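Trainee: Going by the UniProt record's numbering, the first residue of the sequence shown is number 1, and it counts up by one from there.
Ideal Cβ positions, reconstructed from N, Cα and C, are used throughout, including at glycine.
A quick note: this is a predicted structure, and the numbers were derived from the prediction, not measured.
The structure that follows is given in the form of structure tokens.
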Amino acid sequence: MPFPRARPATAAVALAAALLSGSAAAVPNEVGGARLEPVAVADLPGFPGPDPAGALAAFRRVCTATPPAQPQPSTVAGDPAALAAACARAAGVGDAEAGAFFRDAFVAYRVVRPDGRPGFLTGYFEPELPGSLTPGPGYTAAILARPDDLVSLGPDETRPGLDPALRAARAAGEGFEAYPDRASIEDGALGERARPLLWLRDGVDLLVLQVQGSGRIRLPDGRVVRALYDGRNGRPYTAVAKLIVQEGHLPLEGLTLARWTGWLRAHPEEAKRLIRQNASYIFFRLAAVEEPSLGPPGAANAPLSPGIGLAVDSTLWRYGLPFWLEGRLPGAGEGEHGRLAIAADTGSAITGPARGDLFVGSGVAAGVAAGNLRDPVGFVVLLPRTGSLP
């Protein structure tokens, strides 16, 4: 679908307004090969969307969270001092003034890709899966804790002798070596370092948990605990659903989570072979479900807000930045043309300046909504304003 670009006059007005009332700090001309084009929020139909108060609450949670365990590169867009100033200002803003806050404290820039096409938005969710504290009939797949020899690498980190494309390693003598891939881990490569936390029904449930990065686990006694991402083996991720389509087992059209996971369960030998082709492996830790209405913590160390928490390319965008997503999104009301989202997470498949993954919630219904969200969407980033604020 086409998305409007700022007209030259509109861009000039937006830029002049930014200069007169405080400009966005250290605005790059390009981010990840995409041009940042000034746009007045008045030219964003529907802004600030259906729930600016919810976006404000999400912004507060992210901007006041402890620093992420994995630091972002210094080159990401979004001046940290200006963002901190916006965060301090947000503390005194009431729900009724939320829309005005986003209009006044930020300057809008449309993310324009070189090919002129809009960005792409997918959805993800927090599954709720049956599990057990012990293995047994019906519970055969272990959720593993982070091994004590796993060394996670940041975006700019490398280790001598290690392929720069790998994002994790383990010590080997005086150097480092690649961490075992999925197939090796399943075959026992971790030895005593493989520490099960819980047990799921099968490898398909484990794959779903690892793809989503976290999940709620319902135990036989009714208790619910949360399995949270706690590191990965650093190997490349391969989408098993894509392999199913490539081998001709299911068509791409109408491919939902329920359909491809159902196919895997109906073909256990094929499922094992295909799942092992995904070399990436995720480790977890357990936590209580403290606020059922919110999702798990994202990479920014703040609980994700359904319909607002956005996974972005963390090598390009700073956590906490608001984005205006232009387009008709799932659950959109009549006349809704977009919504505010807050950068709060990342993912190995989320690459590029106009690529996002929207957290849609927890449970079965959220899984259906997430599976159906694969849409072209316009991305407008709101960079914090510096200088005198209105």
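Tell me the DSSP secondary structure of ILE308 in three-state form.
Mentor: Here residue 308 corresponds to residue number 308 of the sequence shown, with the count starting at 1. Of the three classes helix, strand and coil, the one that applies to ILE308 here is coil, per DSSP.
Trainee: Tell me the start and end of each unbroken beta strand (DSSP E) in the stretch 68 to 152 that is at least 3 residues and wholly inside, in chain order.
Mentor: Runs found: 106 to 112, 119 to 126, 128 to 132 and 141 to 144.
Trainee: Who pairs with GLY215 in a beta bridge, going by DSSP?
Mentor: In the sequence shown, residue 215 corresponds to position 215, counting from 1. Note: GLY215 sits in a beta bridge opposite ALA227.
Trainee: Excluding sequence positions up to five away, which residues of its chain have a Cβ less than 7 Å from the Cβ of PRO196?
Mentor: Reading the sequence shown from its first residue, position 196 is the one you call residue 196. Answer for PRO196: ALA142, ILE143 and LEU144, listed in chain order.
Trainee: With DSSP as the reference, label SER21 as helix, strand or coil.
Mentor: In the sequence shown, residue 21 corresponds to position 21, counting from 1. For SER21, the predicted structure reports a pLDDT of 42, less than 50, and the residue's modelled location is therefore unreliable. A value from the coordinates is still provided. In this structure, SER21 counts as coil in the three-state DSSP scheme.
Trainee: What does residue 398 pair with, by DSSP beta-bridge criteria?
Mentor: In this structure the chain extends from 1 to 390, so residue 398 is not present and cannot be described.
Trainee: How long is the line joining the alpha carbons of PRO164 and SER184, rounded to whole angstroms?
Mentor: Start at 1 with the first residue of the sequence shown, and residue 164 comes out as number 164. Start at 1 with the first residue of the sequence shown, and residue 184 comes out as number 184. Distance between the alpha carbons of PRO164 and SER184: 21 Å.
Trainee: In three-state terms, what does DSSP make of PRO50?
Mentor: The count along the sequence shown starts at 1 and reaches residue 50 at position 50. Three-state result, PRO50: coil.
Trainee: ARG170 lies in the beta strand (DSSP E); which residues open and close that run?
Mentor: Looking up residue 170 in the sequence shown gives position 170. Taken as a continuous stretch (DSSP letters only), the beta strand (DSSP E) holding ARG170 covers 168 to 172.
Trainee: Helix, strand or coil, according to DSSP, for PRO268 in the structure here?
Mentor: For the purposes of this step, residue 268 is taken as residue 268 along the sequence shown, with counting starting at 1. Three-state DSSP puts PRO268 in a helix.
Trainee: Compare the C-beta of PRO114 with all C-beta atoms of chain D and state if any pair is closer than 8 Å.
Mentor: As a matter of chain content, chain D is missing from the structure shown, which is built from one protein chain.
Trainee: Relative to the C-alpha of PRO45, which residue among ARG339, ASN278 and ARG60 is closest?
Mentor: Position 45 of the sequence shown, counted from the start, is the residue given in the question as residue 45. The option with the nearest alpha carbon to PRO45 is ARG339.
Trainee: Work out the CA separation of ALA172 and LEU250 for me, nearest whole Å.
Mentor: Taking the sequence shown and counting its residues from 1, one reaches residue 250 at position 250. Taking the sequence shown and counting its residues from 1, one reaches residue 172 at position 172. Roughly 42 Å separates the two Cα atoms.
Trainee: Which value, in whole angstroms, describes the spacing of the CA atoms of VAL204 and ALA271?
Mentor: For the purposes of this step, residue 204 is taken as residue 204 along the sequence shown, with counting starting at 1. For the purposes of this step, residue 271 is taken as residue 271 along the sequence shown, with counting starting at 1. Going from the Cα of VAL204 to the Cα of ALA271 covers about 8 Å.
Trainee: Hey, out of PRO118, TRP324, ARG117 and PRO28, whose CA is closest to GLU336's CA?
Mentor: Here the question's residue 336 lines up with position 336 in the sequence shown. The residue with the shortest Cα to Cα distance from GLU336 is TRP324.
Trainee: Please work out which residues of its chain come closer than 6 Å, Cβ to Cβ, to ASP181, disregarding the five sequence neighbours upstream and downstream, and give them in chain order.
Mentor: As a working mapping, residue 181 is identified with position 181 in the sequence shown. ARG235 and ALA279.
Trainee: SER362 by DSSP, collapsed to three states: which one?
Mentor: Stepping through the sequence shown from its first residue, residue 362 is reached at position 362. The answer is strand: DSSP assigns SER362 an E or B state.
Trainee: Run through DSSP, which three-state label would residue 422 get?
Mentor: Absent from the structure is residue 422, since the part of the chain shown begins at 1 and ends at 390.
Trainee: Mind checking whether ALA343 and VAL312 have CB atoms under 8 Å apart?
Mentor: The count along the sequence shown starts at 1 and reaches residue 343 at position 343. The count along the sequence shown starts at 1 and reaches residue 312 at position 312. Going by C-beta atoms, ALA343 is nearer than 8 Å to VAL312.
Trainee: So what's THR10 in DSSP terms, helix, strand or just coil?
Mentor: Taking the sequence shown and counting its residues from 1, the one referred to as residue 10 is at position 10. A caution first: THR10 carries a pLDDT of 39, below 50, which makes its placement in the model unreliable, though a value can still be read off. Of the three classes helix, strand and coil, the one that applies to THR10 here is helix, per DSSP.
Trainee: Tell me which same chain residues have a C-beta within less than 6 Å of the C-beta of THR175, skipping the five on either side of it?
Mentor: Counting from one through the sequence shown, the residue named residue 175 turns up at place 175. Note on residue identity: the sequence assigns Gly, not Thr, to residue 175. Excluding residues within five positions, the ones whose Cβ falls inside 6 Å are PRO160 and GLY161.
Trainee: Spatial neighbours of LEU316 within its chain, please: C-beta separation below 7 Å, excluding the five flanking residues on both sides.
Mentor: Position 316 of the sequence shown holds residue 316. Here the set comprises VAL31, GLY32, VAL76, ALA77 and PRO353.
Trainee: Go to LEU198, then tell me how far its alpha helix (DSSP H) extends in each direction, as first and last residue.
Mentor: To locate residue 198, count along the sequence shown from 1; it is residue 198. Element bounds for LEU198: not the alpha helix (DSSP H) but the beta strand (DSSP E), 196 to 200.
Trainee: How many Å lie between PHE59 and ALA105 at the Cα?
Mentor: Sequence index remark: in the sequence shown, residue 59 carries index 59 (1-based). Sequence index remark: in the sequence shown, residue 105 carries index 105 (1-based). Each residue's alpha carbon lies about 12 Å from the other.
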